[in-house]
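Q: Got a structure for you, written out below as structure tokens; questions coming shortly.
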Amino acid sequence: MNNLYRQRLSSHLKEMFKYLRLVFNDHFVFALLIFIGGLGLAYSNGLKVLQPHLWWAKPVIVVVLLLVLQLGRLATLFQDADVVFLLPKEAEVRQYLKGARLYSEGLAFIYELFGMFVLLPFIQVTDAMPIFDLALIAVTQLLLKDSLFSLAVIRRFQVKSGWLKQAFWFKWIVPLMILLVSVYALPVLGTLLGLILAISLRVMDKRYDAVPFDWWQSISLENNRMMGVYRFFNLFTNVPMLKGVAKRRRYLDWLLNMVKVTSKNTYLYLYSRGIVRSGEFSGLYSRLTLLGMILLYFVRGTWLPIALAALFLYLIGFQLIPFYWQFDDIVFTHLYPIAEKQRVASFRRLMFSLTGITAILFLVMVFLANRSFQVGLIALVVELVEVFVMVQYYLPLRLRKKK
Amino acid sequence: MTLQVTKVVGGYSQIPVLKEVTFDVQDGELVGLIGLNGAGKSTTINHIIGLLTPFKGEIKINGLTLNQDKNGYKKQIAYIPETPILYQELTLKEHLEMTMMAYDLDRDQAWEKANHLLSIFRLDNKLDWFPANFSKGMKQKVMIVCAFITDAPLFIIDEPFLGLDPLAVHDLLNLIDEQKAKGASVLMSTHVLDTAEKYCDRFVLLHDGTVKTEGTLPELRKALPDAGESLDDIYMSMTRADQHE
């Protein structure tokens with residue numbers, strides 16, 4: 001079982017690196033470097049204007065530590081089939097979890113220390129704590145993280161007692177108390193409390209040794225975790241593993257009913273319902289549109305907002321194109337007596353509607369931010385041309401390339 | 001003659017699974033495609049519905065090949081897959097509408113038919129459900145309803161009996177009878193030999209990518225006189241003989 005975890009971990013890491021390579025492609029690394037550089041600059045500039053003994057400094061420290069504490073989850077790498085295939089190996093599941101915990105907790109400790117490292121200058125400027133106290137707070141943070149991992153392990157067994165399963169209590173309230181003690185009163189006391197908590201939860205975990213393992217719960221927790229990871233990657237690249245659940249979204253039926261039920265519209269019918277009811281593409285679309293709108297509201301000038309609007313519009317259109325093949329693994333799409341031309345036409349209409357809506361929203365934001373008819377007019381022309389070129393020329397080009 | 005498969009050599013990659021398969025399905029006929037796992041039943045079906053292209057040979061539906069008229073060819077097929085496949089984002093009602101749009105059916109007539117079929121399969125109160133909420137048997141019934149609202153002259157049914165309750169099996173067989181009476185042809189692959197024996201007009205026995213024998217039950221008995229009476233006996237002796245070779 002120990003080997004099994006190692007095997008799974010190595011294939012898991014391989015998969016993660018594959019996605020990371022896709023995410024951190026040349027353009028993105030460049031943009032990210034600028035972004036991080038800008039953020040760092042803003043942080044250091046912000047620190048310069050801060051005075052010591054600000055009233056809100058300590059609450060901020062506590063809240064940031066509490067949020068950072070939530071980073072890093074137990075990666076058990078269980079799979080759906082395990083409930084059948086590993087069932088006879090239940091006795092060794094502890095061994096397996098030990099491997100899982102070692103890896104996950106190691107990774108989580110790095111997050112915690114990194115969070116502490118980023119917070120350090122802020123604490124120095126506002127609070128001027130002795131180094132020794134800072135170290136104690138860091139240790140407390142790690143002890144709290146260790147407690148959370150013990151709890152995560154316990155939650156994966158069929159433990160009956162309700163209070164141990166109260167995730168909210170243990171994830172937020174107890175750590176908050178201890179961090180408050182650390183930051184406001186005595187760091188040593190916080191560390192001591194953290195140590196007691198960590199040890200008692202580890203002892204508790206040992207005591208539940210004989211409790212049967214909860215396969216369903218563990219597998220669904222792991223699936224949720226992987227979903228989160230995939231959803232993150234899906235912001236940047238197409239993740240085939242991501243199969244969301246369809247939501248009815250009855251309140252959008254008026255939109256769908258605009259598609260007339262005729263043979264010509266077969267694919268438009270399918271695509272429009274697909275995009276409205278699946279989380280994947282509609283989420284992508286609405287997130288990017290919203291992000292673009294917020295950004296455009298804060299950007300002033302003539303050419304910068306226009307360039308940004310054009311860029312976001314392109315990004316959205318670009319990300320929508322793979323939706324064309326969304327239903328290809330359903331055999332009936334190959335059997336329908338409908339020409340490919342009709343399907344392309346349907347998709348073109350869908351893409352036109354979606355990018356059109358975004359273009360209008362962007363235009364409104366550009367106008368609201370700049371209050372200038374001239375900028376608005378240029379933005380309108382640029383967006384019109386872009387949508388037209390994208391739907392009329394770029395889309396067919398991409399579709400042909402794939403073939 | 002509805003379906004004619006002539007000397008088809010084909011498969012998924014370069015290696016042929018089917019070796020010169022030839023058989024036909026006449027108007028108003030139910031032909032059973034019988035064979036072990038891996039005998040080539042699904043491959044044959046995938047070639048007929050046009051998901052695979054034959055390396056050699058040709059497949060005609062009412063004299064039309066896929067290359068001559070893509071849409072005309074596809075319009076003639078109603079297909080029920082072995083594993084139900086549904087759109088996660090469409091409700092039952094919308095699946096039916098998709099089918100009506102795709103096959104360009106008259107909506108009023110099609111809905112009349114659909115309502116009748118839905119009540120037979122006790123799905124009439126589930127029109128707004130998503131596939132995620134259906135059991136496997138229900139999904140299969142949705143596939144059946146979608147296939148039978150089309151007026152296709154050729155029905156291709158891949159292993160319909162597993163997962164359906166006994167009542168639904170009977171209803172399906174009745175529907176097939178109705179379609180046959182209207183002159184439609186049905187090609188059905190199955191492992192359930194006793195049901196096939198009772199209902200199929202003719203059998204095509206596939207083994208290892210070739211048609212071992214074909215014909216009506218009496219014809220099969222004549223071809224293999226020592227095998228026994230039932231389709232099961234004939235089939236077993238045929239496969240056993242093959243293993244001894």
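For the protein sequence lines, the chains are A and B, in the order given.
Position 355, counted from 1, in the first sequence is what full-length UniProt numbering calls 355; the numbers after and before it change by one each time, with no gaps.
Position 31, counted from 1, in the second sequence is what full-length UniProt numbering calls 31; the numbers after and before it change by one each time, with no gaps.
The C-beta atom is built at its ideal place from N, Cα and C for all residues, glycine as well.
As a quick exercise: from A:132, A:168, A:234, pick the residue whose alpha carbon is nearest that of residue 24 of chain A.
A: As a first step, residue 24 of chain A is located in the first sequence; it is residue number 24 there, counting from the start. If we check each option's Cα against that of residue 24 of chain A, A:234 comes out closest.
Q: Can you list, in chain order, the residues of its chain with a C-beta nearer than 8 angstroms to that of residue 137 of chain B? Leave out the 5 residues immediately preceding and following it.
A: Along the second sequence, read from residue 1 onward, the residue named residue 137 of chain B stands at position 137. Cβ neighbours of residue 137 of chain B beyond the five flanking positions: 163, 164, 165, 168.
Q: Could you spell out where the beta strand (DSSP E) holding residue 215 of chain B opens and where it closes?
A: Position 215 of the second sequence, counting from 1, holds the residue named residue 215 of chain B. Residues 210–215.
Q: Counting pairs of Cβ atoms below 8 angstroms between the segment 196–212 of chain A and the segment 120–138 of chain A, do you hit three or more?
A: Not touching, per the Cβ criterion.
Q: Determine the extent of the beta strand (DSSP E) in which residue 155 of chain B is found, giving its start and end residues.
A: For the purposes of this step, residue 155 of chain B is taken as residue 155 along the second sequence, with counting starting at 1. Where residue 155 of chain B is concerned, the enclosing beta strand (DSSP E) stretches over 154–158.
Q: To test your reading of the DSSP string, which unbroken alpha helix (DSSP H) runs of 4 or more residues are found completely within the segment 33–93 of chain A?
A: Those alpha helix (DSSP H) runs which fall completely within the segment 33–93 of chain A and span 4+ residues are 57–69, 82–85.
Q: For residue 110 of chain A, which of A:214, A:309, A:142, A:357 has the nearest alpha-carbon?
A: Locating residue 110 of chain A in the first sequence gives position 110, where the first residue counts as 1. Residue A:142 is the option with its Cα nearest to residue 110 of chain A.
Q: Just to confirm my understanding: we take residue 216 of chain A, look at its own chain, exclude 5 residues before and 5 after, and list those with CB closer than 8 angstroms. What are they?
A: Against the first sequence, residue 216 of chain A aligns to sequence position 216. Within the same chain, residue 216 of chain A has close Cβ partners 83.
Q: At a CB-CB cut-off below 7 angstroms, which residues of chain B make contact with residue 265 of chain A?
A: For this step, residue 265 of chain A is matched to residue 265 along the first sequence. The contacting residues are 101.
Q: Which runs of the alpha helix (DSSP H), 4 residues or longer, sit entirely within the segment 61–118 of chain B?
A: Listed in chain order, they are 70–75, 92–102.
Q: Counting contacts by CB-CB distance shorter than 8 angstroms, is residue 64 of chain B in contact with chain A?
A: Looking up residue 64 of chain B in the second sequence gives position 64. Answer no: the Cβ-Cβ gap between residue 64 of chain B and chain A never drops below 8 angstroms.
Q: State the start and end residues of the unbroken alpha helix (DSSP H) segment that holds residue 217 of chain A.
A: Working through the first sequence from its first residue, we reach residue 217 of chain A at position 217. Residue 217 of chain A -> alpha helix (DSSP H) spans 215–234.
Q: Are residue 9 of chain B and residue 56 of chain B closer than 8 angstroms when you measure CB to CB?
A: Locating residue 9 of chain B in the second sequence gives position 9, counting from the first residue. Locating residue 56 of chain B in the second sequence gives position 56, counting from the first residue. Yes.
Q: Please state whether DSSP places residue 191 of chain B in a helix, a strand or coil.
A: For the purposes of this step, residue 191 of chain B is identified with residue 191 of the second sequence, where counting begins at 1. It is coil, neither helix nor strand.
Q: Examine chain B for any beta-carbon lying closer than 8 angstroms to the beta-carbon of residue 353 of chain A, and answer yes or no.
A: The residue you call residue 353 of chain A lines up with position 353 of the first sequence. False, the Cβ-Cβ gap to chain B never drops below 8 angstroms.
Q: Going by CA-CA distance only, name the one from B:102, B:86, B:149 that's closest to residue 134 of chain B.
A: Along the second sequence, one-based indexing puts residue 134 of chain B at 134. It is B:86.
Q: Along the chain, where does the beta strand (DSSP E) containing residue 10 of chain B start, and where does it finish?
A: The sequence position of residue 10 of chain B within the second sequence is 10, counting from 1. Per DSSP, residue 10 of chain B belongs to the beta strand (DSSP E) from 3–10.
Q: State yes or no: is the beta carbon of residue 269 of chain A nearer than 8 angstroms to at least one beta carbon in chain B?
A: In the first sequence, counting from the first residue as 1, residue 269 of chain A sits at position 269. At least one chain B Cβ lies under 8 angstroms of residue 269 of chain A.
Q: Residues of the segment 62–86 of chain B with a CB closer than 7 angstroms to any CB of chain C: list them in chain order, please.
A: You won't find chain C in this structure, because its protein chains are A and B.
Q: Just verifying my parser: in three-state terms, what is the DSSP assignment at residue 248 of chain A?
A: As a position in the first sequence, residue 248 of chain A is number 248, starting the count at 1. Residue 248 of chain A falls in the coil class under three-state DSSP.
Q: Can you tell me whether residue 157 of chain A is helix, strand or coil according to DSSP?
A: Numbered from 1 along the first sequence, position 157 holds the residue referred to as residue 157 of chain A. In the structure shown, residue 157 of chain A sits in a strand (DSSP, three-state: E or B).
Q: For residue 166 of chain A and residue 219 of chain A, I'd like the C-alpha separation in whole angstroms.
A: Your numbering for residue 166 of chain A matches position 166 in the first sequence. Your numbering for residue 219 of chain A matches position 219 in the first sequence. Using only the alpha carbons, I get a separation of about 19 angstroms.
Q: Starting from the beta carbon of residue 273 of chain A, find every residue of chain B whose beta carbon is closer than 7 angstroms, and list them in chain order.
A: For the purposes of this step, residue 273 of chain A is taken as residue 273 along the first sequence, with counting starting at 1. Residues of chain B passing the Cβ test: 89, 90, 94.
Q: Assign residue 247 of chain B to one of three DSSP states: helix, strand, or coil.
A: A query on residue 247 of chain B cannot be resolved here, the shown segment of chain B reaching from 1 to 245 and no further.
Q: Within 10 angstroms of its Cβ, does residue 271 of chain A collect 16 or more other Cβ (buried), or is it exposed?
A: Within the first sequence, numbered from 1, the residue matching residue 271 of chain A stands at position 271. Label assigned to residue 271 of chain A: buried.
Q: Alpha carbon to alpha carbon, what distance is there between residue 255 of chain A and residue 348 of chain A?
A: Residue mapping note: residue 348 of chain A aligns to position 348 of the first sequence, counting from 1. Residue mapping note: residue 255 of chain A aligns to position 255 of the first sequence, counting from 1. Taking the straight line joining both Cα atoms gives about 17 angstroms.
Q: Please report the residue range of the beta strand (DSSP E) in which residue 34 of chain B lies.
A: Locating residue 34 of chain B in the second sequence gives position 34, where the first residue counts as 1. 30–34 is the extent of the beta strand (DSSP E) around residue 34 of chain B.
Q: Quick one: does residue 97 of chain B have its CB under 8 angstroms from some CB of chain A?
A: The residue given as residue 97 of chain B occupies position 97 in the second sequence. Yes, residue 97 of chain B counts as interfacial toward chain A.
Q: Of the residues that make up the segment 335–350 of chain A, which ones have a beta carbon closer than 7 angstroms to any beta carbon in chain B?
A: Cβ contacts with chain B: 335, 336, 337, 338, 339.
Q: Would you report the Cα separation of residue 96 of chain A and residue 1 of chain A, rounded to the nearest angstrom?
A: Indexing the first sequence from 1 puts residue 96 of chain A at position 96. Indexing the first sequence from 1 puts residue 1 of chain A at position 1. Their backbone Cα atoms lie some 5 angstroms apart in a straight line.
Q: State yes or no: is the beta carbon of residue 148 of chain B nearer than 8 angstroms to at least one beta carbon in chain A?
A: For the purposes of this step, residue 148 of chain B is taken as residue 148 along the second sequence, with counting starting at 1. No - not a single Cβ of chain A is within 8 angstroms of the one on residue 148 of chain B.
Q: So that I know if they touch, is there some Cβ in chain B lying closer than 8 angstroms to that of residue 261 of chain A?
A: Numbered from its first residue, the first sequence carries residue 261 of chain A at position 261. Yes, its Cβ sits closer than 8 angstroms to a Cβ of chain B.
Q: If you run the structure through DSSP and keep just helix, strand and coil, what is residue 203 of chain B?
A: Residue numbering aside, residue 203 of chain B sits at position 203 when the second sequence is read from its first letter. In this structure, residue 203 of chain B counts as strand in the three-state DSSP scheme.
Q: May I ask you to list, following chain order, the residues of the segment 184–196 of chain B that have a beta carbon less than 8 angstroms from some beta carbon of chain A?
A: The residues in question: there are none.
Q: For residue 153 of chain B, count the other beta carbons within 10 Å of its own beta carbon; 16 or more makes it buried, fewer makes it exposed. Which is it?
A: For this step, residue 153 of chain B is matched to residue 153 along the second sequence. It is buried - the Cβ of residue 153 of chain B has at least 16 other Cβ atoms within 10 Å.
Q: Quick one: Cα of residue 161 of chain A to Cα of residue 152 of chain A, how far?
A: In the first sequence, counting from the first residue as 1, residue 161 of chain A sits at position 161. In the first sequence, counting from the first residue as 1, residue 152 of chain A sits at position 152. About 14 angstroms.
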